[in-house]
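Residue numbers (my numbering): 2 to 515. In this text, a Cβ means the ideal position worked out from N, Cα and C, and glycines have one as well.
See below:
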């Protein structure tokens, strides 16, 4: 009761008279109106907001609007403290972390008001929860505070020694987590703006993995294990060693499932990595089952869900290329429609949004070739008013990626031009452009681009074969055989380059020439 009494005294002196929470049903304030207009998508810019609230001549730079927006931000952030964690979308781990962070903020306020006894009492309880859920980022500051208080304020030597021992233990865990996280960051940063394979990144991952394996002997926190297995998976995926990727993924998943709490995001990420490996090994039935398991863990419309749906679409193209499942393209259109109909789709940015433009263009190509039952390219619901030039304008991020996602755009452009039987002069110009481009930007030493290089070599032979299918097939026989002899050497950052396997795409080229 003493703890409660001290907290009540603090609140009675400093609490606000009213709690500013947005979107209350009975609220008619401008702040709640602004919130609802943004939520419903009826206001998207500062210009629109300024005009709505202050008249046709109002501008975002006006002092009245700027002050209003600043107040709105304060209320918006305050509302975050009242998120309903009883929502079933929150896991036990997420609920615990949210409440723990909230409590630690409140406890720090008590410390700043010098309410030491109550703050220490609450901090010790919070420490128990933080240790149970492995919240290392909370354990360290809590223990640091408790250790200091029992030494300088309370004078309890026994408790001080206890907290000191725990502090240095969790400090070591925290340091190990930071080392593992930084190792992952230094690998991931190489693939944020480009998708070309980087062998030196694999070597870096292998080097740091030795250090992480030593740390794993003394650290098994969930954060450390996640980053450790991400780095280990990167070592094998960069070598196209998909069998070992599967082993690593299964090791990671076993470690996560062994924890007394559920980390859905971590589990979903490694299930997705497993999907890629199964796809590359052409184990499609197992791949489909694993994809379904991944989707069960994810909330529809969040970032991981979109990543999983990307892989489902890529599986569609591979099933059609390597099996007799030509009807898979109908499934691809259904997936595209499901994704585009989500309200969250419009919020996707850069690569995440443009990959679906690329998928749509490939499905359009397939529909043009009459390989999708009951799907016509003139179907406005399916493809709207698809135009090649419009598509090229819709993928600016990919177009700027000098050694990655611009390549499937160039390739698709050429294949579409062949399929639409465009003028030879324009087609020759595009083929010459891509030939010069790959010579300039993609070195022959880039092992990851070997299949793409070979496919472009085959495209270059089209004008030399006078656009004759039989002549072209003969001239490119060895090139295509070399291409087919090399498996798709694709880590997650690169598998999107070869959206439709080149073997299937080459069949398309030959079928559309005379």
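(Q) Which complete alpha helix (DSSP H) runs does the stretch 209 to 284 hold, if anything under 4 residues is left out? (A) 223 to 238, 243 to 258, 265 to 281
Q. Roughly how far, in whole angstroms, is the beta-carbon of residue 505 from the beta-carbon of residue 321, given that I think they are within contact range, below 8 Å?
A. By 1-based counting over the chain shown, the position of residue 505 is 504. By 1-based counting over the chain shown, the position of residue 321 is 320. That belief holds up - the Cβ atoms of residue 505 and residue 321 are roughly 7 Å apart, short of 8 Å.
Q: Apply the 10 Å Cβ neighbour rule to residue 425 and answer buried if 16 or more other Cβ atoms are within range, or exposed otherwise.
A: On the chain shown, position 424 is the one that residue 425 refers to. The residue in question, residue 425, is exposed, as its Cβ has fewer than 16 Cβ neighbours within 10 Å.
(Q) Given a cut-off of 7 Å on the beta-carbon distance, is the pair residue 413 and residue 470 in contact? (A) Stepping through the chain shown from its first residue, residue 413 is reached at position 412. Stepping through the chain shown from its first residue, residue 470 is reached at position 469. No, they are not a contact pair.
**Q.** Rounded C-alpha distance that separates residue 360 from residue 340
**A.** As a first step, residue 360 is located in the chain shown; it is residue number 359 there, counting from the start. As a first step, residue 340 is located in the chain shown; it is residue number 339 there, counting from the start. Approximately 11 Å, taken between the alpha carbons.
(Q) Could you check whether the stretch 288 to 307 touches the stretch 341 to 358, counting it as contact only if at least three pairs of C-beta atoms, one from each stretch, sit closer than 8 Å? (A) yes
Q | CB-CB length for residue 213 against residue 184, believed under 8 Å | A | Here the question's residue 213 lines up with position 212 in the chain shown. Here the question's residue 184 lines up with position 183 in the chain shown. Right, the Cβ-Cβ distance comes to about 6 Å (below 8 Å), so this counts as a contact.
Q | Boundaries (first-last residue) of the alpha helix (DSSP H) holding residue 450 | A | Counting from one through the chain shown, the residue named residue 450 turns up at place 449. That residue, residue 450, is in no alpha helix (DSSP H); it is neither H nor E in DSSP.
**Q.** Pair within 7 Å by beta-carbon distance, residue 70 and residue 86
**A.** Numbered from 1 along the chain shown, position 69 holds the residue referred to as residue 70. Numbered from 1 along the chain shown, position 85 holds the residue referred to as residue 86. No, Cβ-Cβ distance for residue 70 and residue 86 is not below 7 Å.
Q. Could you give the residue range of the alpha helix (DSSP H) that holds residue 106?
A. Taking the first residue of the chain shown as position 1, residue 106 is located at position 105. Looking at the DSSP string, the run of the alpha helix (DSSP H) that includes residue 106 is 93 to 113.
Q. Using 8 Å as the threshold, is the stretch 287 to 304 in touch with the stretch 160 to 177, meaning 3 or more CB pairs across them?
A. no
Q: Just tell me which of 408, 74, 312 has its CA closest to the CA of residue 460.
A: Along the chain shown, one-based indexing puts residue 460 at 459. For the set 408, 74, 312, the Cα lying nearest the Cα of residue 460 is the one of 408.
(Q) Measuring straight from C-alpha to C-alpha, what distance separates residue 325 and residue 77? (A) The sequence position of residue 325 within the chain shown is 324, counting from 1. The sequence position of residue 77 within the chain shown is 76, counting from 1. Reliability of the predicted coordinates at residue 325 is poor, the pLDDT of 47 falling under 50, and the value obtained from them is presented with this limitation in mind. Cα to Cα, residue 325 sits roughly 54 Å from residue 77.
Q) Distance, Cα to Cα, residue 118 vs residue 124? A) Within the chain shown, residue 118 is the residue found at index 117, counting from 1. Within the chain shown, residue 124 is the residue found at index 123, counting from 1. If you take the alpha carbons of residue 118 and residue 124, they lie about 10 Å apart.
Q. In chain order, what residues of the same chain have a beta carbon less than 6 Å from the beta carbon of residue 429, not counting five sequence neighbours either side?
A. Stepping through the chain shown from its first residue, residue 429 is reached at position 428. The residues are 464.
Q) When we look at the beta-carbon of residue 440 and count the other beta-carbons within 10 Å, is it buried (16 or more) or exposed? A) As a working mapping, residue 440 is identified with position 439 in the chain shown. Exposed: under 16 other Cβ atoms inside 10 Å.
Q: Would you mind sorting residue 276 into buried or exposed? The rule is 16 or more other CB atoms within 10 Å of its CB.
A: Position 275 of the chain shown, counting from 1, holds the residue named residue 276. So residue 276 counts as buried.
Q: Starting from residue 126, trace the alpha helix (DSSP H) both ways and give me its first and last residue.
A: Stepping through the chain shown from its first residue, residue 126 is reached at position 125. Residue 126 -> alpha helix (DSSP H) spans 117 to 133.
Q: With DSSP collapsed to three states, give me the class of residue 299.
A: Stepping through the chain shown from its first residue, residue 299 is reached at position 298. Three-state DSSP puts residue 299 in coil, outside helix and strand.
**Q.** First through last residue of the alpha helix (DSSP H) which encompasses residue 516
**A.** What is shown of the chain runs 2 to 515, which leaves residue 516 out entirely.
**Q.** C-alpha gap between residue 508 and residue 353, whole angstroms
**A.** Against the chain shown, residue 508 aligns to sequence position 507. Against the chain shown, residue 353 aligns to sequence position 352. Using only the alpha carbons, I get a separation of about 29 Å.
Q: Determine contact between the stretch 218 to 237 and the stretch 253 to 264, defined as no fewer than three beta-carbon pairs at a distance below 8 Å.
A: Short answer: they touch.
Q) What three-state label does DSSP hand residue 149 in the structure shown? A) On the chain shown, position 148 is the one that residue 149 refers to. Residue 149 falls in the helix class under three-state DSSP.
Q.
Rounded to the nearest angstrom, what separates residue 74 and residue 351 at their Cα positions?
A. Within the chain shown, numbered from 1, the residue matching residue 74 stands at position 73. Within the chain shown, numbered from 1, the residue matching residue 351 stands at position 350. Rounded to the nearest angstrom, the two C-alpha atoms are 26 Å apart.
Q | Delimiting residues of the alpha helix (DSSP H) encompassing residue 89 | A | Looking up residue 89 in the chain shown gives position 88. Segment: none, residue 89 is in no alpha helix (DSSP H) and carries neither H nor E.
Q: May I ask you to report which of helix, strand or coil DSSP gives residue 407?
A: Here residue 407 refers to the residue found at position 406 when the chain shown is read from its first residue. Three-state DSSP puts residue 407 in a helix.
(Q) I'd like the span of the alpha helix (DSSP H) that includes residue 343, first residue to last. (A) For the purposes of this step, residue 343 is identified with residue 342 of the chain shown, where counting begins at 1. No alpha helix (DSSP H) holds residue 343; DSSP gives it neither H nor E.
Q) Roughly how many angstroms separate the alpha carbons of residue 49 and residue 243, rounded to a whole number? A) Working through the chain shown from its first residue, we reach residue 49 at position 48. Working through the chain shown from its first residue, we reach residue 243 at position 242. Whole-angstrom Cα-Cα distance: 51 Å.
Q) Would residue 121 be called buried (16 or more neighbouring beta carbons within 10 Å of its own) or exposed? A) The residue given as residue 121 occupies position 120 in the chain shown. Taking a 10 Å sphere around the C-beta of residue 121, we find 16 or more other C-beta atoms and assign the residue as buried.
Q: Decide if residue 151 is buried, meaning its Cβ has at least 16 other Cβ atoms within 10 Å, or exposed.
A: Counting from one through the chain shown, the residue named residue 151 turns up at place 150. Classification of residue 151: buried, given that the 10 Å Cβ count is 16 or more.
Q. What residues in its chain sit with their C-beta under 6 Å from that of residue 513, if we drop five residues either side in the sequence?
A. As a working note, residue 513 is residue 512 in the chain shown. Here the set comprises 419, 420.
Q | 7 Å CB neighbourhood of residue 245 in its chain, flanking five on each side removed | A | Start at 1 with the first residue of the chain shown, and residue 245 comes out as number 244. These residues qualify, in order along the chain: 237.
Q) Which first and last residues belong to the alpha helix (DSSP H) in which residue 80 is found? A) The count along the chain shown starts at 1 and reaches residue 80 at position 79. Per DSSP, residue 80 is one residue of the alpha helix (DSSP H) stretching across 64 to 80.
Q.
Between which residues of its own chain and residue 431 is the CB-CB distance below 8 Å, once the five residues before and five after are set aside?
A. The count along the chain shown starts at 1 and reaches residue 431 at position 430. Cβ neighbours of residue 431 beyond the five flanking positions: 411, 414, 415, 418.
Q) Looking only at its own chain, which residues have a Cβ that is under 7 Å from the Cβ of residue 148, when we skip the five neighbours before and after it? A) Position 147 of the chain shown holds residue 148. The answer, listed in chain order, is 161, 164, 165, 168.
Q. When the distance is taken between beta carbons, is residue 206 closer than 7 Å to residue 232?
A. Here residue 232 refers to the residue found at position 231 of the chain shown. Here residue 206 refers to the residue found at position 205 of the chain shown. Yes. Within cutoff.
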